[in-house]
Amino acid sequence: MPNNNNQDSINNNSLIFVLNLLLIKVRNGQVDNSNIRELAGRIVPVEFKLIITTNKGIFSDKIRKTFMRSSQAIINLSNLIYNYRGIRKKVGKAGIMAVVKANAYGHGVDEVVNSLNSLGKEKPEYFGVATVDEGIEVRSLKVKQPILVFDPVESENAISYFIFSLMPAVFTKEHLKVLAAAKKMLNSVLPIKVHVKVDTGMNRLGVNFNEAFDFIKMLNEDSRFKVDGVFTHFASADERNKKFAYLQLKRFNDLIGKLKSAKIKYGLAHTANSGAIMDLPGSYYDMVRPGCSLYGYYPSLETSESVPLKQVMTITSVVHSIKEI
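Heads up: the sequence shown begins at 891 in my numbering, then just goes up one per residue.
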């Protein structure tokens, strides 16, 4: 039962309505109107509202009529946990980097990260984001795990990697030069932990697989850096024809084998996106990177459904008019 003397507590049977950055609290189907005077006149009507819920049963018609416009995005965090645990079971001993870029794919990064981090020993080993700004936002949620930033390093934000303890993805000497300059400016004595992105055939970003060994070897010989991981991204793991995915996997395997033979440290190896998690168990390595599958979506119609998923977001609306044209 909620503590009526503590208006700031929200239990698991609560909804949070986000109305123009103002939080309206709901407990057991009843609106907490303790601060209604403060809010009066400040709530501007909006056409689209995000609702975070752990219990669909208390989404009452009374609340709907009081606060809702006709279009709503309902986020079910219980389904998020269901998907996460299904992925965890599928990948066995491999760690999980929960990809929460783009506001957790539009699902609300604060709620998604906090829900996953409420799982104790089950919580993700890493978080993955696209940009430095996203990394800073995730770190502000009191996240202790490593946060990998996928976007290339830029001089304008290099200092942020140090200030907010973010891990950069590197694949050019220019990235290393920029990071080294920031390290020197801050008088940082610790080595910079980096993940090396390898292009095994997607032809987007990354050091070419034929050059990756020398690049990683160079990093191992530079005391300013520490290779925390090496990774690649599949171009077509979500397609029925896995021929090219297997080619990418072979190229990555060959690199890892060569690094091991030369006793060159490379940290954690990770390749598996959502499509590979479903269909390429040989790609799990030390860690996997689920993105859309966390939120209940298979990456394409051609992937298997080897992990049962539940949609985290439900969009509802009202049909106001139907016309024949």
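Yeah, the Cβ is synthetic: ideal placement off N, Cα and C, and Gly gets one too.
Here the structure is a predicted model, which means the values were calculated and not measured.
Confirm, please, whether the CB-CB distance from residue j to residue i is below 8 Å.
i: N1098; j: D1104; result: no
i: D1128; j: P1171; result: no
i: A988; j: P1180; result: yes
i: I986; j: P1014; result: yes
i: R1043; j: F1017; result: It should be noted that the sequence gives Val, not Arg, for residue 1043. No, these two residues do not count as a Cβ contact at 8 Å.
Excluding five sequence neighbours on each side, which residues of the same chain lie with their C-beta closer than 7 Å to the C-beta of residue i?
i: G1186; result: N969, N973, L1199, K1200, Q1201 and V1202
i: G1096; result: F1061, K1087, V1088, D1089 and T1122
i: G1157; result: V1117, D1118, G1119 and V1120
i: I1154; result: I1106, K1107 and N1110
i: I1215; result: none
i: F1054; result: G1025, I1026 and R1029
i: T1193; result: D1128, G1165, M1168 and D1169
i: Q1035; result: P1014, E1015, Y1016 and F1017
i: V1033; result: V1003, N1007 and F1017
i: A1059; result: L1038, V1039, F1040, H1085 and K1087
CA-CA distance, residue i and residue j?
i: H1123; j: N1093; result: 10 Å
i: V1039; j: A1048; result: 11 Å
i: K979; j: N1007; result: 17 Å
i: V981; j: K1083; result: 25 Å
i: V1068; j: I1037; result: 19 Å
i: V1002; j: F1115; result: 31 Å
i: V1019; j: A1135; result: 23 Å
i: P840; j: S1113; result: The structure shown does not extend to residue 840, since the chain spans only 891 to 1215, so no value can be given for it.
i: S1183; j: M1057; result: 23 Å
i: E1195; j: A1159; result: 25 Å
i: N1004; j: L1149; result: 37 Å
i: N993; j: S1211; result: 33 Å
i: V1209; j: S961; result: 10 Å
i: S1176; j: A984; result: Per the sequence shown, the amino acid found at residue 1176 is Asp instead of Ser. Each residue's alpha carbon lies about 5 Å from the other.
i: H849; j: L1009; result: For the chain, the structure presents residues 891 to 1215; residue 849 sits outside this window and is missing.
i: V1178; j: N1163; result: 7 Å
i: L1191; j: K1074; result: 49 Å
i: P1072; j: D1041; result: In the sequence under discussion, the amino acid at residue 1072 is Ala, which differs from the Pro named in the question. Rounded to whole angstroms, A1072 to D1041 spans 17 Å at the Cα level.
i: L967; j: N1143; result: 36 Å
i: D1000; j: Y1174; result: 27 Å
i: K1011; j: I971; result: 14 Å
i: A1070; j: Y995; result: 32 Å
i: L1145; j: H1065; result: 21 Å
i: S1045; j: K1213; result: 55 Å
i: V1079; j: T1161; result: 31 Å
Exposed or buried, residue i, counting other C-beta atoms within 10 Å across all chains shown (16 or more means buried)?
i: N1131; result: exposed
i: R975; result: exposed
i: D1169; result: buried
i: G1147; result: exposed
i: T1206; result: exposed
i: E1101; result: exposed
i: A1152; result: exposed
i: K1063; result: exposed
i: V1197; result: buried
Tell me, to the nearest whole angstrom, how far the beta carbon of residue i is from that of residue j; I am working on the premise that it is less than 8 Å.
i: H997; j: I1026; result: In fact, because the Cβ distance is near 19 Å, the residues do not count as touching under 8 Å.
i: F1052; j: L1031; result: About 19 Å; that fails the 8 Å criterion.
For residue i, which residues in the same chain have their Cβ closer than 6 Å to its Cβ, ignoring the five residues on either side in sequence?
i: V1022; result: V1039, N1047 and S1050
i: K946; result: In this prediction, K946 scores a pLDDT of 45, lower than 50, which makes its location untrustworthy; the coordinate-derived value is nonetheless stated afterwards. Result list for K946: empty, nothing under 6 Å.
i: T1204; result: I964
Among the residues of its own chain, which have a CB less than 8 Å from the CB of residue i, if the five just before and after it don't count?
i: G1091; result: F1099, A1125, F1134, L1137, Q1138 and R1141
i: F938; result: Note that F938 scores 41 on pLDDT, short of 50, meaning its location in the model is unreliable; the coordinates nonetheless yield the value given after this. Closer than 8 Å at the Cβ level, and outside the excluded window around F938, lie R959, S961, Q962 and A963.
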